[in-house]
Amino acid sequence: MVPVRRRITTGEPAVTERDNDVVDPLGRLRAPTDPACDVFLTGTVFLDIIFTGLDSAPVRGTESWARGMGSSPGGVANMATALARLGLRTSLAAAFGDDHYGEYCWDALEQGEGIDLSLSRTIAGWHSPVTVSMAYEGERTMISHGHAAPPADVDPGADVDPGADGGLGIDPPVGAPLACPPHSRAAVASLVPCQPEDWVARAARSGARVFADVGWDDTGRWDLAALPDLEHCEAFLPNAAEAMRYTRTDCPRAAARALADKVRYAVVTLGSEGAYAVDGATGEIAEVPAIQVAALDPTGAGDVFVAGFVTGTLAGWPLADRLAFAGLTAALSVQEFGGSLSAPTWGEIAAWWQQAQRCDGQDPAALRARYAFLERLLPVPARPWALRRAVPTIGFRPARAS
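For the sequence shown, position 3 matches number 28 in my numbering, and the numbering has no gaps at all.
Printed below as a string of structure tokens:
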């Protein structure tokens, strides 16, 4: 039985008040027979508590003070939020605790972002996984805690075998029929060595275009054969270090070319250098430089990049435009703190585009050549840049009218 939810306020309303609804990047492609879901994904939802403005890593035996702090849904919620804010109809299957953290995350995702949680479940007596993220020197250090979600017929207080996932056996969530994922245009999978997921193959067979990222291989094997779900993927988006280790190359561009033998689109992110992609079917190569920004918190930037690339791919944009858009959305996200709440909306992208063309030091011709494709998509910005975002924390109440 799903417990009754109590509304938890999350501070100010979303920065552009659902302005992602103004732009539907797939509008010209939609037909009555299309699936109701654009993108399906599943994974672990964490409550992220983020500390920013640290001058250095914490030192044992001392107390460190951060200049900024916030909390927001994290984990797979970063990707789901980024997709939803870009106008894609997003369905998420995940487990939620019945504590305040779980209620807050559910409310923020379903009510705040319009994400379909019909395949998600609240588990009585199970507490939400939590991650504390500390951002400093352009990097982050994270500490996480969580327990395996019990099966539907098991007392949540009973011992549960954590399995091979280190105790966070939250996929599949209780009651979610991942053996038969919903019909969707696309699915996003996070590949884990030696842990294939049946739903990935089923989604691909049903016509979904599968996009995959991958995390650090703690086993040290870096064996592509240990990623059997890769054969079901249309696109694979590792970072440079991951790509080079998996392909045994010493150059991220060579790694992308090698990965293009495995998937249609091999995309390697190059950090401050941008991104490089190869279309394995046509041989097309695209490389786009990164937008230089002052990074506040990199949490979730990789998820936002993937969401941008998924959006451009489903919309049928040229490969270079997809890379440019993905890089832009990621760059905008790192200027705010909080993984999910930093994902940009179309209104924010429009405000950036208007401001960037007037900014001293920019080459207007080069800027327009690279991002001219945005002109036909962007709404008239309702607010000037820079925008004031929602307060990403639990516990604030809306201000009463005086």
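The beta carbon of each residue, even a glycine, is placed where N, CA and C say it ideally should be.
{"Asked": "Residue environment, tryptophan 90, which counts as buried when at least 16 other CB atoms sit within 10 Å", "Found": "exposed"}
{"Asked": "Local Cβ density within 10 Å of glycine 188, reported as buried at 16 or more and exposed below that", "Found": "Reliability fails at glycine 188, whose pLDDT of 39 lies under 50, so the model's placement of it is uncertain and the value that follows must be treated cautiously. Label assigned to glycine 188: exposed."}
{"Asked": "Buried/exposed call for glutamate 400, threshold 16 Cβ in 10 Å", "Found": "exposed"}
{"Asked": "Beta carbon of alanine 214 nearer than 8 angstroms to that of valine 225", "Found": "yes"}
{"Asked": "Option in Tyr301, Thr274, Thr307, Ser96 with minimal Cα separation from alanine 351", "Found": "Tyr301"}
{"Asked": "Same chain, Cβ closer than 7 angstroms to alanine 326, neighbours up to 5 away in sequence not counted", "Found": "Ala355, Ser358, Val359"}
{"Asked": "For glycine 169: DSSP bridge partner residues", "Found": "Glycine is not the amino acid found at residue 169; the sequence shown has serine there. Its beta-bridge partners are Thr156."}
{"Asked": "C-beta contact flag for valine 239 and leucine 252 at 8 angstroms", "Found": "yes"}
{"Asked": "Beta-carbon proximity check, arginine 110 vs threonine 338, cutoff 8 angstroms", "Found": "no"}
{"Asked": "Helix, strand or coil at aspartate 254 according to DSSP, with G and I counted as helix", "Found": "helix"}
{"Asked": "Segment limits, beta strand (DSSP E) that includes phenylalanine 350", "Found": "From DSSP, phenylalanine 350 is part of no beta strand (DSSP E) but of the alpha helix (DSSP H) over 344-358."}
{"Asked": "Residues bridged to isoleucine 74 [DSSP beta-bridge criterion]", "Found": "Ser96, Val157"}
{"Asked": "Nearest-angstrom Cβ-Cβ length linking threonine 106 and serine 365, presumed shorter than 8 angstroms", "Found": "4 angstroms"}
{"Asked": "Same chain, Cβ closer than 8 angstroms to arginine 246, five either side skipped, listed in chain order", "Found": "Pro218"}
{"Asked": "Buried versus exposed call for isoleucine 74 [16 or more other C-beta atoms within 10 Å across all chains shown]", "Found": "buried"}
{"Asked": "Alpha-carbon spacing of phenylalanine 11 relative to glycine 86, whole angstroms", "Found": "Since the first residue of the chain shown is 26 and the last is 427, residue 11 is not available in this structure."}
{"Asked": "Contact set for glutamate 135: own chain, Cβ-Cβ below 7 angstroms, skip 5 residues either direction", "Found": "Leu142"}
{"Asked": "Close beta carbons around alanine 82, own chain, < 7 angstroms, minus the five adjacent residues each side", "Found": "Tyr161, Thr166"}
{"Asked": "Tryptophan 241 classed as buried or exposed, judged by whether at least 16 other C-beta atoms fall within 10 angstroms", "Found": "exposed"}
{"Asked": "Three-state secondary structure assigned by DSSP to glycine 122", "Found": "strand"}
{"Asked": "Cβ-Cβ separation, alanine 102 to aspartate 123 (assumed contact under 8 angstroms), whole Å", "Found": "Not really, about 17 angstroms apart at Cβ, beyond 8 angstroms."}
{"Asked": "Beta-carbon separation (whole angstroms), phenylalanine 121 vs valine 70, contact threshold 8 angstroms", "Found": "6 angstroms"}
{"Asked": "Inter-residue Cα distance where the pair is leucine 255 and glycine 52", "Found": "30 angstroms"}
{"Asked": "Alpha helix (DSSP H) segment containing glutamate 267, residue limits", "Found": "265-272"}
{"Asked": "Secondary structure of alanine 415, DSSP reduced to three states", "Found": "Its pLDDT being 46, under 50, alanine 415 is placed unreliably in this model, and the value from its coordinates should be taken loosely. Correct three-state label for alanine 415: coil."}
{"Asked": "Inter-residue CB distance, leucine 6 and proline 277 (contact presumed, cutoff 8 angstroms)", "Found": "Absent from the structure is residue 6, since the part of the chain shown begins at 26 and ends at 427."}
{"Asked": "According to DSSP, residues forming a beta bridge with cysteine 62", "Found": "Ser209"}
{"Asked": "Which of helix, strand or coil DSSP assigns to phenylalanine 114", "Found": "The residue asked about is misnamed: residue 114 is arginine in this sequence, not phenylalanine. In the structure shown, arginine 114 sits in coil (DSSP, three-state: anything other than H, G, I, E or B)."}
{"Asked": "Option in Val335, Ala315, Gln317, Val329 with minimal Cα separation from alanine 291", "Found": "Val335"}
{"Asked": "Terminal residues of the beta strand (DSSP E) in which valine 292 lies", "Found": "290-294"}
{"Asked": "Burial state of proline 343 (16 or more Cβ within 10 Å)", "Found": "exposed"}
{"Asked": "Reduced DSSP secondary structure (H/G/I, E/B, other) of arginine 383", "Found": "coil"}
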